[in-house]
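Residue numbers (UniProt numbering): 1 to 96.
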């Protein structure tokens, strides 16, 4: 299967986001709760997540360094759930 525009680069080792360490607070894209400015975060495109929230939003699989993940309809997905959704047309029926 060829990876399309929904594919996100494999995870790199966790490191603090300087904008979060020394910047402002914001909300987690998964749980909508506040992320303090001093907390380490994960980012996917324009979304920011608590480390604990950065998991497949369908099966709750946590990602390890080097894992591929996908961002579709603003949801983080593991490769298996993404491919299954593409095959059964789940994503085409969702309104963004």
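Every residue, glycine too, gets a C-beta built ideally from N, C-alpha and C.
Here the structure is a predicted model, which is why all the values come from computation and not from measurement.
The residue from 40, 50, 38 with its alpha-carbon nearest to that of residue 32 is 50.
Counting only runs of 4+ residues, the alpha helix (DSSP H) found wholly inside the UniProt domain "LIM zinc-binding" (26-88) occupies 79-88, in chain order. Cβ contact annotation for residue 78 (same chain, cutoff 6 Å, sequence separation greater than five): 56, 61, in chain order. Contact between residue 30 and residue 53 holds: CB atoms are separated by about 4 Å, below the 8 Å threshold. With fewer than 16 other beta carbons inside 10 angstroms of its own, residue 66 counts as exposed. Within its own chain, the residues whose Cβ lies closer than 7 Å to the Cβ of residue 27, once the five positions on either side in sequence are excluded, are 33, 34, 35, listed in chain order.
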